[in-house]
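Here's the structure, in structure tokens; my notes come after.
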Amino acid sequence: MKIMSIAGARPNFMKLASIAKAAEAHNLKAAARGHDKPDIHHIIVHTGQHYDEKMSKAFFDELGIPKPDINLEVGSGSHAGQTAEIMKRFEEVLVRELPDALLVVGDVNSTIACTLVAAKIEYPPSHHRKRPVIVHVEAGLRSFDRDMPEEVNRILTDSLSDLLFVTESSGVRNLQKEGIGAEKVHLVGNVMIDTLIDHVDKAKKSKIKEFLAINKQYGLVTLHRPSNVDSLQSLEPILQALHTISQDIPLYFPVHPRTLNKIYQFGLTDICNWRFMQEKPSAKAGSSLYILPPQGYLDFLNLTAEAAIVITDSGGIQEEATFLGVPCVTLRENTERPVTVTEGTNYLIGTDPRKILTTVHAILAGQKKDAKIPQFWDGKAGARIIDVILAEVH
Ligand code: UD1
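Right, here's the structure in full:
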């Protein structure tokens, strides 16, 4: 079976790592049973949505993901421009490679672009299938906020998919309500957590805290949602609140390129401390809100696992913090990952600076949630997915 996986943006890579590993493990087992050819021919297509060394290649290297077979090199653009460019370039690849299954992960523009191409493609009449079976990994998540580009991508990808693999039970309910047949939907756990489990011991050996001279309690921050960073009105009060918190506990903030651009554009550099960046903009001294370059997987996992608190607007980090038992404060009004709130360590609090300060202070004063690890977040999601694909795709 020829399975083609798509990866485009940073949060896709840890998910792809689990799938690639499970496919390889399956082939090794089959070889041990005497199969002379691998059962699975796994092809990786990188769309090039993320392209900086630190946003892409570093993850392939650290996670041992095979080098992409094909790179579409689309780069950045408007939503329409980027999606259209991926579609145009991917169509050529699909008609050349004719995979049995197209596997997409998550909710980024690369996910919907390739799904849309696969849903409409027509394989040559001589081929035994009309188009590839579309497999969506991390299906069913809903923020119910259609202003989020990812929510649009999720809804459309799920509605076009033939096999839907879900990380938490809310996803199963959402798909049921949208009329997606139960036979297509499989609750299998979380491939991103597979990768975390595989790498957590290695991450413990990271030297990042020595490099940053961290020798006491600290918090970790990430921010990149357009709704939080793309306007001065939203970004400035958040940074001011973080600055206030950093007077009690140092905050380390690996900055997404989108957010870095906005900090400059809005003239907010002086709220932050630039000690660890190549850039040294004019800033007032003394802030303990430390801006860092984007971090690699292992260093970031190390920083997350040992933080006293994580403050974020990322989707995946809410899940990683829940798995690691680290309190997570999510600066959003909604989450598509509600299990991290109902069962995990996540506090979903929006962006009101007073609420940020009171929540963070309560956590630092010892407030704790009675958290547990969600069902099937056990390191075996990728293997379950490969088993179902082999059983269902004929
Ligand atoms: C994308 C995803 C988002 C995901 C995030 C993780 C969509 C709609 N959004 O958002 O769901 O959480 O990735 O990072 O797919 N840039 C660089 N170097 C890079 C990549 C981007 O400098 O390697 C800069 C460019 O200025 C670019 C901007 O970041 O225009 C935004 O990149 P883009 O991929 O459009 O969206 P993200 O904000 O990264």
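So the sequence shown is numbered by this note's numbering: it starts at -10 and just counts up by one. Every residue, glycine too, gets a C-beta built ideally from N, C-alpha and C.
- A residue is called buried once 16 or more other Cβ atoms fall within 10 Å of its Cβ, and residue 363 is buried on that count.
- When the beta-carbon positions are compared, residue 54 and residue -7 stay at least 9 angstroms from each other.
- No heavy atom of ligand 1 is found nearer than 8 angstroms to the CB of residue 229.
- Of the candidates 122, 353, 193, 98, the residue whose Cα lies closest to the Cα of residue 292 is 193.
- When 216, 179, 352 are compared, the shortest CA-CA separation from residue 248 is found for 216.
- Residues 207, 208, 209, 210, 231, 234, 277, 278, 279, 300 of the same chain have their beta carbon placed closer than 8 angstroms to that of residue 240, with the five preceding and five following residues left out of the count.
- Beta-bridge pairing by DSSP links residue 319 to 301, 337.
- When DSSP reads this structure, residue 382 sits in no beta bridge, so it has no partner.
- In this structure, residue 321 lies near residue 302, with their beta-carbon atoms less than 9 angstroms apart.
- Annotation for residue 282 indicates a beta carbon at 8 angstroms or more from all heavy atoms of ligand 1.
- Restricting attention to alpha helix (DSSP H) runs no shorter than 4 residues, the segment 217 to 305 encloses them at 221 to 235, 246 to 254, 286 to 294, ordered along the chain.
- With a threshold of 16 other beta carbon atoms within 10 Å, residue 111 falls short and is exposed.
- Cβ neighbours of residue 185 within its own chain (closer than 7 angstroms, five residues either side excluded): 290, 309, 312.
- For residue 100, the closest C-alpha among the options 252, 57, 141, 191 is that of 141.
- One thing to note: residue 227 has its Cβ no nearer than 9 angstroms to the Cβ of residue 298.
- According to the DSSP secondary-structure assignment, residue 208 is paired through a beta bridge with 240, 298.
- By the Cβ neighbour-count rule, residue 250 is exposed, with fewer than 16 other Cβ atoms within 10 Å of its own.
- Per DSSP, reduced to three states, the secondary structure at residue 182 is helical.
- When secondary structure is reduced to three states using DSSP, residue 313 falls in the helix class.
- Annotation for residue 132 indicates a beta carbon at 8 angstroms or more from all heavy atoms of ligand 1.
- For the pair residue 35 and residue -4, the CB atoms are nearer than the 9 angstroms cut-off.
- Less than 9 angstroms divides the Cβ of residue 149 from the Cβ of residue 107.
- Contact between residue 121 and residue 147 fails: their C-beta atoms lie close to 16 angstroms from each other, not under 8 angstroms.
- Annotation: residue 50 to residue 2 spans about 11 angstroms, alpha carbon to alpha carbon.
- Shown here for residue 198: not one same chain residue has a beta carbon closer than 6 angstroms to its own, the five before and five after excluded.
- Not one heavy atom of ligand 1 sits closer than 8 angstroms to the Cβ of residue 371.
- A contact is defined here as three or more CB-CB pairs under 8 angstroms, and the segment 125 to 136 meets this definition with respect to the segment 153 to 166.
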